[in-house]
Every structure is written in C-alpha cells, then in structure tokens.
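Structure below.
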C-alpha cells in the first residue's frame with residue numbers, strides 16, 4: 014500500500030528524477046533541455 018507516502022516524499026522523488034541528466038537529452042537535465050529550446 015502507498016498510504017504511507019506523503020506529498021513531501023512524492024515531491025522529493027519528482028525533484029530527483031527531474032534533475033537527473035539523461036543520455037537521451039545529451040546528458041542534460043529535462044529542465045536544461047526545455048530552457049535551451051524555448
């Protein structure tokens with residue numbers, strides 16, 4: 014069950030994933046990639 018997972022934990026996981034460099038994006042983070050294409 015995921016009843017023990019708080020919003021804070023979800024936010025921390027999302028932050029960790031969104032700030033992780035990706036090979037597919039040329040080893041840039043998703044945020045860096047988006048800002049480069051705006």
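Residue numbers (our numbering): 14 to 51. Glycine is no exception: its CB is placed at the ideal position from the N, C-alpha and C atoms.
Check	Outcome
Starting from residue 30, trace the alpha helix (DSSP H) in both directions and tell me its first and last residue.	20 to 31
Give me the Cα-Cα distance between residue 49 and residue 38, rounded to the nearest whole angstrom.	11 Å
How long is the line joining the alpha carbons of residue 32 and residue 16, rounded to whole angstroms?	26 Å
Can you grab the Cα-Cα spacing for the pair residue 41 / residue 24, in whole Å?	21 Å
Across which residues does DSSP place residue 41 in a beta bridge pair?	35
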